[in-house]
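Colleague: Residue numbers (this note's numbering), protein chains in the order written: chain A, 49 to 127; chain B, 42 to 312.
Built from N, CA and C at the ideal position, the CB exists for glycine as well.
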Amino acid sequence: MKLAVLFVLGLLPSLLASDPSEFDWVRQRVEELQPTGKEKRFDEIGWAGDIRDATRLAKEHRRPVFLFTHDGRMNIGRC
Amino acid sequence: MRAGPLSNTNIIGLLNQYFVPVYVVNEDYARKGPAPAEEKAELQRIFKEGHTAKKSVGSVHVYVLNPEGKLIDSMHVAEAAKPKVLAAMLQKTVDELKLRPNAPVAKVRPQSAPPACDEGSLMLHLVSRSVDGRGAWTEFPGENWIVLTADDQKALLSADEPDPAVLKKILTHFYPATENNDVNKNRFEQLTAATKVVESKNGKARARLSGTFKMAHSFYHKDDGKAVESDFIGFADYDPATRKISALQLTTRDARYNGGKFAVAVRSIEP
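(1) Kindly indicate which three-state DSSP category Ala-147/B falls into: helix, strand or coil?
(2) Classify His-102/B: buried if its beta carbon has 16 or more other beta carbons within 10 angstroms, exposed otherwise.
(3) State yes or no: is the C-beta of Arg-43/B within less than 9 Å of the C-beta of Met-122/A?
(4) Within its chain, find whatever has a CB closer than 6 Å to the CB of Asp-193/B; leave out the 5 residues flanking it on each side and keep chain order.
(5) Any beta carbon from chain A within less than 9 Å of Phe-215/B's own beta carbon?
(6) Is DSSP giving Val-74/A helix, strand or coil here?
(7) Listed from N- to C-terminal order along the chain, which residues in the region 276 to 298 of chain B have their beta-carbon within a distance smaller than 8 Å of any beta-carbon of chain A?
(8) With a threshold of 9 Å between beta carbons, is Pro-62/B in contact with chain A?
(9) Using beta carbons (cut-off 9 Å, strictly below), is His-117/B in contact with chain A?
(10) What is the DSSP secondary structure of Thr-134/B, counted as helix, strand or coil?
(11) From which residue to which residue does the alpha helix (DSSP H) around Glu-90/B run?
(12) Which partner residues of Asp-24/B appear in the DSSP bridge assignment?
(13) For Arg-104/A, tell me which candidate among Glu-83/B, Thr-134/B and Ser-48/B has the shortest Cα-Cα distance.
(14) Go ahead and label Tyr-64/B buried or exposed: buried means 16 or more other beta carbons lie within 10 angstroms of its beta carbon, across all protein chains shown.
(15) Please list, in chain order, all residues of the same chain as Ser-287/B whose beta carbon is under 6 Å from its beta carbon, the five residues on each side excluded.
(16) For Arg-111/A versus Val-149/B, is the C-beta spacing smaller than 9 Å?
(17) Taking just the CA atoms, how far does Pro-46/B sit from Pro-124/B?
(18) Take Met-116/B as the anchor and find which of Arg-297/B, Val-98/B, Leu-55/B and Thr-292/B has the nearest alpha-carbon.
(19) Please name the residue in Phe-88/B, Thr-134/B, Lys-267/B and Leu-106/B whose C-alpha comes closest to that of Lys-228/B.
(20) Establish whether the CB of Val-126/B and some CB of chain A are separated by less than 9 Å.
(21) Could you name the residues of the region 151 to 166 of chain B whose beta carbon sits closer than 7 Å to any beta carbon of chain A, in the order they occur along the chain?
(22) Please confirm whether Ala-74/A and Gly-91/B have their CB atoms less than 9 Å apart.
(23) Assign Val-126/B to buried or exposed, taking buried as 16 or more other Cβ atoms, counted over all protein chains shown, within 10 Å of its Cβ.
(24) Quick check: the Cα distance between Arg-134/A and Gln-58/B, rounded to an integer number of angstroms?
(25) Whose CA, out of Lys-111/B, Leu-112/B, Ser-100/B and Pro-155/B, lies closest to the CA of Ala-119/B?
(26) At a Cβ threshold of 9 Å, is Tyr-104/B touching chain A?
(27) Nearest to Lys-195/B by alpha carbon, out of Pro-62/B, Gly-54/B and Asp-280/B?
(28) For Gln-157/B, tell me which candidate among Ile-52/B, Trp-178/B and Ile-187/B has the shortest Cα-Cα distance.
(29) Would you check if the distance between the CB atom of Ser-162/B and the CB atom of Arg-284/B is smaller than 9 Å?
(30) Helix, strand or coil for His-118/A? Go by DSSP, reduced to three states.
(31) So Asp-91/A contacts chain B; which residues on that side make the cut at Cβ distance below 9 Å?
(32) Run the CB neighbour count on Thr-213/B, radius 10 Å, all protein chains shown included, and call it buried at 16 or more, exposed below.
(33) Can you look up Gln-70/B in the DSSP assignment and give me helix, strand or coil?
(34) Taking C-beta to C-beta, are Phe-116/A and Pro-62/B nearer than 9 Å?
(35) Using only the heavy atoms of the ligand PLP, determine whether one of them is closer than 8 Å to the beta carbon of Lys-285/B.
(36) Ignore the nearest five residues each way along the sequence and tell me which others in Thr-236/B's own chain have a CB closer than 7 Å to its CB.
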């Protein structure tokens, strides 16, 4: 399909009334769509940076390592 | 895993109090991936130990290493995704190693963090989520970080025809959860946009951005003809003299993909 791009720049701001309700609607919708605490519980875990960091901390603190290997980007929900 | 066991209070407690948790992205550890060679060698060493010990080994798995780094347990994700099963596996390690609870040893911090950017850049955070419960993986939203350089900001609000490449830099992330997250494969088939100055006083201005677009985006990595059809609307506050944006917010009123509806929110984040 042919790409169609149309841009219009308003150059007379004094003649263009800003709609505060539309601005407030955008602001509120952006806020409502943010990740919730329930969706971010994964962030409550103290993750090591990589395997070598984890094994170093494990030796230092005498703890086992829990390693999860996965495809995609679990941290940003793009997986 | 993230929406299941890794959001489970019991498992979060076990991991934080007794383990050093770490996750790795297989794509980074592939032969051409960006992970350091030493990291790739460590993962291969763990796989090799698993094969030698005849334990379960695979790319999407959980592994438990003892404090010396030796593999002592493993599990396929299909089992590990069951909170009770994973909790039992972790508790077994706690009991066998006679571990005592303590505070997390790695810093607890947001795992979706903005990348480094040059001074004068605008950092944008994007959230995309299903709004009708349809589609795949609707338990949590997708996120992206987008950096607009000083030149990008000028181009977005240029008095001449704005550069569509800057808009596409943002809009290419407007898609719901899909297996395919390679935005280089996205293809814009239509883009209509308008930028209108709606306020200008005391050296500050506000522009309204709006438009519609259609973008081919395959669910999997093979071309399947699926496309995002969406509108967008938002506002940018900026300095009219320099065209530097101080705040930007964008969202969708009607975004559709593969028979489902989703919504996107973009907002600038203070560095």
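Modeller: This is what the structure holds:
(1) For the purposes of this step, residue 147/B is taken as the residue at position 106 of the second sequence. If DSSP states are grouped into helix, strand and coil, Ala-147/B belongs with coil.
(2) Here residue 102/B refers to the residue found at position 61 of the second sequence. So His-102/B ends up on the buried side.
(3) The count along the second sequence starts at 1 and reaches residue 43/B at position 2. The count along the first sequence starts at 1 and reaches residue 122/A at position 74. Yes; because the gap between Cβ atoms is below 9 Å, this pair is in contact.
(4) Taking the second sequence and counting its residues from 1, one reaches residue 193/B at position 152. Excluding positions up to five away in sequence, the list reads Val-207.
(5) Locating residue 215/B in the second sequence gives position 174, where the first residue counts as 1. Not an interface residue.
(6) Within the first sequence, numbered from 1, the residue matching residue 74/A stands at position 26. Val-74/A: helix per DSSP, three-state reduction.
(7) Phe-276, Gln-290, Leu-291 and Thr-292
(8) The residue you call residue 62/B lines up with position 21 of the second sequence. At least one chain A Cβ lies under 9 Å of Pro-62/B.
(9) For the purposes of this step, residue 117/B is identified with residue 76 of the second sequence, where counting begins at 1. False, the Cβ-Cβ gap to chain A never drops below 9 Å.
(10) Numbered from its first residue, the second sequence carries residue 134/B at position 93. Here Thr-134/B sits in helix by DSSP.
(11) Translated into positions along the second sequence, residue 90/B becomes position 49. Per DSSP, Glu-90/B belongs to the alpha helix (DSSP H) from 78 to 93.
(12) The requested residue 24/B does not occur in the structure, where chain B is confined to residues 42 to 312.
(13) On the first sequence, residue 104/A is found 56 positions in, with the first residue counted as 1. It is Glu-83/B.
(14) The residue given as residue 64/B occupies position 23 in the second sequence. Flag for Tyr-64/B reads buried.
(15) On the second sequence, position 246 is the one that residue 287/B refers to. Hits under 6 Å: Asp-278.
(16) Position 63 of the first sequence, counting from 1, holds the residue named residue 111/A. Position 108 of the second sequence, counting from 1, holds the residue named residue 149/B. No, the pair does not count as a contact, with Cβ atoms beyond the cut-off.
(17) Counting from one through the second sequence, the residue named residue 124/B turns up at place 83. Counting from one through the second sequence, the residue named residue 46/B turns up at place 5. Their backbone Cα atoms lie some 5 Å apart in a straight line.
(18) Looking up residue 116/B in the second sequence gives position 75. Comparing Cα positions, the closest option is Val-98/B.
(19) Against the second sequence, residue 228/B aligns to sequence position 187. According to the sequence displayed, residue 228/B carries Arg and not Lys. Closest option to Arg-228/B, Cα to Cα, is Lys-267/B.
(20) Counting from one through the second sequence, the residue named residue 126/B turns up at place 85. Taking Cβ atoms only, chain A never reaches closer than 9 Å to Val-126/B, which makes this a no.
(21) Pro-151, Gln-152 and Ser-153
(22) Start at 1 with the first residue of the first sequence, and residue 74/A comes out as number 26. Start at 1 with the first residue of the second sequence, and residue 91/B comes out as number 50. The sequence given here has Val at residue 74/A, not Ala. Not closer than 9 Å, so no.
(23) In the second sequence, counting from the first residue as 1, residue 126/B sits at position 85. Exposed, by the Cβ-count rule.
(24) Because residue 134/A is not part of the residues shown, which for chain A are 49 to 127, the question remains open.
(25) By 1-based counting over the second sequence, the position of residue 119/B is 78. Nearest option by C-alpha distance: Ser-100/B.
(26) Mapped onto the second sequence, residue 104/B falls at position 63. Closer than 9 Å to some Cβ of chain A, the Cβ of Tyr-104/B qualifies, so yes.
(27) Position 154 of the second sequence, counted from the first residue, corresponds to residue 195/B. Cα-wise, what sits closest to Lys-195/B is Asp-280/B.
(28) Mapped onto the second sequence, residue 157/B falls at position 116. Note that residue 157/B corresponds to Ala in the displayed sequence, not to Gln. Checked all of Ile-52/B, Trp-178/B and Ile-187/B; the closest Cα to Ala-157/B is Ile-187/B.
(29) Numbered from 1 along the second sequence, position 121 holds the residue referred to as residue 162/B. Numbered from 1 along the second sequence, position 243 holds the residue referred to as residue 284/B. Result no, Cβ atoms of Ser-162/B and Arg-284/B do not sit closer than 9 Å.
(30) The residue labelled residue 118/A in the question sits at position 70 within the first sequence. It is a strand residue.
(31) Taking the first residue of the first sequence as position 1, residue 91/A is located at position 43. Ordered by position in chain B, the residues that pass the 9 Å Cβ test against Asp-91/A are Val-149, Arg-150, Pro-151, Gln-152 and Ser-153.
(32) By 1-based counting over the second sequence, the position of residue 213/B is 172. Answer is buried; the Cβ neighbour count reaches 16.
(33) Taking the second sequence and counting its residues from 1, the one referred to as residue 70/B is at position 29. The displayed chain sequence assigns Tyr, not Gln, to residue 70/B. Looking at Tyr-70/B - three-state DSSP - the assignment turns out to be helix.
(34) As a position in the first sequence, residue 116/A is number 68, starting the count at 1. As a position in the second sequence, residue 62/B is number 21, starting the count at 1. Contact flag set, yes.
(35) The ligand PLP is absent from the structure shown, which contains no ligands of any kind.
(36) Residue mapping note: residue 236/B aligns to position 195 of the second sequence, counting from 1. Cβ within range, chain order: Leu-198, Pro-203, Ala-248 and Leu-250.
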